[in-house]
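Colleague: 1 is the number of the first residue of the sequence shown in UniProt numbering; add one for each residue after it. We put the beta carbon where it would ideally sit given N, CA and C, even for glycine. Have a look at this one.
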Amino acid sequence: MSLCYNGRLGRGLPAAWAAGLRAVFALSFSSASHAEFDAVVGYLEDIILDDEFQLLQRNFMDKYYQEFEDTEENKLIYTPIFNEYISLVEKYIEEQLLERIPGFNMNNLRH
1 MSLCYNGRLG RGLPAAWAAG LRAVFALSFS SASHAEFDAV VGYLEDIILD
51 DEFQLLQRNF MDKYYQEFED TEENKLIYTP IFNEYISLVE KYIEEQLLER
101 IPGFNMNNLR H
């Protein structure tokens with residue numbers, strides 16, 4: 001069994017225990033804003049993996065896939081399609097976050 005002697009926290013404990021202790025210690029002292037950010041990221045993961053979000057993307061793709069060609073040149077129509085997609089996805093994600101997090105404000109996430 002190897003012992004961990006680097007740093008004060010966990011000195012003399014088995015290495016795995018010391019690593020776990022340092023992780024718990026670090027988590028307990030993380031700021032509220034970090035915890036809030038981590039929660040939002042968790043919700044984002046849930047949202048984008050949800051079947052409803054996958055269907056939203058599939059429907060959008062079905063609507064526009066015929067506009068795209070396998071060429072080097074980008075067509076002008078790509079810009080409004082991209083803008084519509086961004087608007088659709090941002091709106092959906094923000095609505096979902098508001099349902100999951102009371103008082104959620106997207107502007108707070110950007111800072």
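Which residues bound the alpha helix (DSSP H) around residue 80?
Modeller: 78-100
Colleague: Whose CA, out of 65, 81, 44, lies closest to the CA of residue 106?
Modeller: Each of 65, 81, 44 was checked against the Cα of residue 106, and the nearest Cα belongs to 44.
Colleague: When you compare the CB positions of residue 81 and residue 64, do they come within less than 7 Å of one another, or not?
Modeller: yes
Colleague: Report the three-state DSSP secondary structure of residue 51 (helix, strand or coil).
Modeller: Helix.
Colleague: Rounded to whole angstroms, what's the CA-CA distance from residue 76 to residue 94? Just pull it up for me.
Modeller: 28 Å
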